[in-house]
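Remarks on the structure that follows.
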Amino acid sequence: MQGKVGAPAFLEQWITKITPLIAGASTTYRVTFKWDEAIGIPGAFIIKNMHHSQFYLKTVTVEDVLGIGCIHLVCNSWVYPSPRYNYNRVFFANQTYKPSDTPEPLRKDREEELVNLRGDGKEELKEWDQVYGCAFYNDLENPDKGTEYARLLGGSAEYPYPRRGRTGRKPSNTDPNTESRIPLAMSPDIYVPRDERFGHLKMSNFLAYALKAVVQFLLPELKAYCDITPKEFTTFQDVLDLYEGGIQLPNGPRFDKVKGAIPLELLKELVRSNEDKFAWRTDEEFAREMLAGVNPVCIRYLEAIKNNKLFILDHHDTLMSYLRRINTTSTKIYATRTLLFLKDDGTLKPLAIEPSLPHPDGDQYGAVSKVFTPAEQGVEASVWQLAKAYVSVNDSGVHQLLSH
Numbered sequence: 001m002q003g004k005v006g007a008p009a010f011l012e013q014w015i016t017k018i019t020p021l022i023a024g025a026s027t028t029y030r031v032t033f034k035w036d037e038a039i040g041i042p043g044a045f046i047i048k049n050m051h052h053s054q055f056y057l058k059t060v061t062v063e064d065v066l067g068i069g070c071i072h073l074v075c076n077s078w079v080y081p082s083p084r085y086n087y088n089r090v091f092f093a094n095q096t097y098k099p100s101d102t103p104e105p106l107r108k109d110r111e112e113e114l115v116n117l118r119g120d121g122k123e124e125l126k127e128w129d130q131v132y133g134c135a136f137y138n139d140l141e142n143p144d145k146g147t148e149y150a151r152l153l154g155g156s157a158e159y160p161y162p163r164r165g166r167t168g169r170k171p172s173n174t175d176p177n178t179e180s181r182i183p184l185a186m187s188p189d190i191y192v193p194r195d196e197r198f199g200h201l202k203m204s205n206f207l208a209y210a211l212k213a214v215v216q217f218l219l220p221e222l223k224a225y226c227d228i229t230p231k232e233f234t235t236f237q238d239v240l241d242l243y244e245g246g247i248q249l250p251n252g253p254r255f256d257k258v259k260g261a262i263p264l265e266l267l268k269e270l271v272r273s274n275e276d277k278f279a280w281r282t283d284e285e286f287a288r289e290m291l292a293g294v295n296p297v298c299i300r301y302l303e304a305i306k307n308n309k310l311f312i313l314d315h316h317d318t319l320m321s322y323l324r325r326i327n328t329t330s331t332k333i334y335a336t337r338t339l340l341f342l343k344d345d346g347t348l349k350p351l352a353i354e355p356s357l358p359h360p361d362g363d364q365y366g367a368v369s370k371v372f373t374p375a376e377q378g379v380e381a382s383v384w385q386l387a388k389a390y391v392s393v394n395d396s397g398v399h400q401l402l403s404h
């Protein structure tokens, strides 16, 4: 019952066509297929690359199909030379099926594709492999330097997650449970399925940001050697200096790329911060960052209120079970609920923040909570600023630990 494979067809005029070098541009080639229409309509295509280098296949469109017209396949995948694969690169028509509803002629090819995407877990993966496997974070340290450097994140019965993409690299010399690491200079060579990798322009921007981040890290570290409180902000001016002074990069082509990689929106934000050094303290900015930040989808309607003017950012139940463990360390947090009002101009205004801690006599007694409201003067204003800071930290933490 497997589908019948037609005779191979080849690109027409591929030698005479000049491929554009502009990023994002594409070239269209014609292929003439012949098949017996009594067999049925095409459901998939086997693509073989007989060239010496890879190409990016965007779409395949079959015209003049009897009774249908056109069949369009969105491929969006890199195809490497055929000797790189021990299986066929198969691209299916856009129609999606549940496994039970998959047409019988396509079933075997669909199953084989899933097997190829999972990989066999035995070989080190190369850039041309289309394998989407998972592994524990077992390459964070280098146990070859000593047993104290062995570290595994995920994989235990209590904490089975997080997971990362599997690379298939060999284990380290001294610990079979730790994957060998590659030098930092070769980090772009860490295996990622080719279709998921950054393009050349995106990667160059990424590397430029990385260079900028390294420079920003090194300068404060050097300055810290002469600081009476190293690695800490001694005064509030230290914080403002991050925006006002910035980092003066040397001139030259190597650094021009870094300067040009700074997004326009970031420059606008820095200018705005310079105009009003304390803009971040306002309730309006607090609510704006909540919407423009990493986790706006956690903001919910308070459904019992008419006109849909009241919203809540509720991180109470999500974080409460972690508070006892976190607060035994030097880090201290609260579980928070934040009440927000939708103003007529479309912005949100915080009305109240409720930080909570576990009850000292046990969880069976519930939580210890207190509600704070906006204030502009005195101790109440300082406490209100702290409450907003805890909400922002929670919002970011929930995004990284759960949403992301």
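Per full-length UniProt numbering, the very first residue in the sequence shown carries number 1; after that it's consecutive. The beta carbon of each residue, even a glycine, is placed where N, CA and C say it ideally should be.
Using the Cα positions of residue i and residue j, report the straight-line distance between them to the nearest angstrom.
i, j, result
"Pro-105", "Ile-39", "11 Å"
"Arg-325", "Asn-394", "15 Å"
"Ala-375", "Asp-314", "21 Å"
"Phe-55", "Val-79", "6 Å"
"Leu-11", "Glu-179", "43 Å"
"Gly-366", "Lys-202", "49 Å"
"Lys-108", "Leu-117", "14 Å"
"Ala-210", "Lys-48", "37 Å"
"Thr-16", "Arg-84", "26 Å"
"Val-258", "Asp-241", "Unreliable placement is indicated for Val-258, whose pLDDT of 49 sits below 50; the coordinate value is still reported in the next sentence. In a straight line, the C-alpha of Val-258 is about 20 Å away from that of Asp-241."
"Ala-234", "Pro-20", "Rather than Ala, the amino acid found at residue 234 in this sequence is Thr. Computed Cα separation, rounded: 55 Å."
"Gly-133", "Gly-165", "6 Å"
"Ile-247", "Lys-212", "Reliability of the predicted coordinates at Ile-247 is poor, the pLDDT of 49 falling under 50, and no value is obtained from them."
"Pro-42", "Gln-2", "13 Å"
"Glu-37", "Pro-193", "37 Å"
"Met-290", "Ser-321", "23 Å"
"Leu-207", "Arg-163", "25 Å"
"Pro-296", "Ser-403", "11 Å"
"Asp-189", "Val-368", "50 Å"
"Glu-158", "Ile-18", "57 Å"
"Pro-183", "Asp-195", "24 Å"
"Glu-112", "Gly-168", "21 Å"
"Asn-88", "Asp-238", "59 Å"
"Tyr-137", "Asp-345", "46 Å"
"Ala-135", "Ser-82", "28 Å"
"residue 410", "Val-379", "Not covered by the structure: residue 410. The range shown for the chain is 1 to 404."
"His-72", "Met-50", "23 Å"
"Gly-154", "Pro-160", "5 Å"
"Pro-360", "Lys-170", "49 Å"
"Asp-317", "Arg-300", "15 Å"
"Ser-204", "Arg-110", "36 Å"
Look at residue i and residue j and say whether their C-beta atoms are less than 8 Å apart.
i, j, result
"Leu-357", "Leu-401", "no"
"Ile-46", "Val-90", "yes"
"Ser-26", "Leu-57", "no"
"Phe-341", "Ile-353", "no"
"Phe-311", "Leu-302", "yes"
"Asp-139", "Arg-181", "yes"
"Leu-114", "Tyr-191", "no"
"Cys-298", "Val-383", "no"
"Ala-292", "Pro-350", "no"
"Ala-44", "Ala-93", "yes"
"Leu-152", "Asn-173", "no"
"Val-294", "Ser-396", "yes"
"Thr-338", "Glu-284", "no"
"Gln-377", "Arg-281", "no"
"Ala-387", "Pro-355", "yes"
"Thr-61", "Cys-70", "yes"
"Asp-101", "Pro-143", "no"
Identify every residue that forms a DSSP beta bridge with residue i.
i, result
"Asp-314", "Arg-337"
"residue 445", "With the chain represented from 1 up to 404, any question about residue 445 goes unanswered, as that position is not in the structure."
"Phe-278", "Beta-bridge pairing links Phe-278 to no other residue."
"Arg-30", "Glu-12"
"Ile-299", "Leu-313"
"Ser-369", "Ser-356"
"Glu-179", "Pro-171"
"Ala-44", "Phe-92"
So with Cβ pairs under 8 Å, would you call residue i a contact of chain D?
i, result
"Ala-292", "Within the model displayed, chain D is absent; a lone protein chain is all it includes."
Pairing CB atoms from the stretch 137-150 with CB atoms from the stretch 115-123, are three or more of them under 8 Å?
In this structure the stretch 137-150 does not touch the stretch 115-123; the number of beta carbon pairs closer than 8 Å is below three.
Touch test, the stretch 28-38 against the stretch 92-103, Cβ-Cβ under 8 Å, three pairs minimum:
Not touching, per the Cβ criterion.
Secondary structure, beta strand (DSSP E): runs of 3+ residues fully inside the stretch 337-363 | Look at the stretch 337-363 and you find these whole runs of beta strand (DSSP E), each 3 residues long or longer: 348-358.
Practice problem: Please confirm if the stretch 382-397 is in contact with the stretch 333-346, defined as three or more CB-CB distances below 8 Å between the two stretches. | Solution: Flag = yes, the stretch 382-397 and the stretch 333-346 touch.
For this session: Jot down the residue ranges of each uninterrupted beta strand (DSSP E) in the stretch 50-79, minimum 3 residues, whole runs only, in chain order.
Result: The stretch 50-79 contains, as complete beta strand (DSSP E) runs of 3+ residues, the segments 55-65, 69-79 (chain order).
3-residue-minimum beta strand (DSSP E) runs that sit fully inside the stretch 85-173, ordered along the chain: Here the runs fully enclosed are 89-92.
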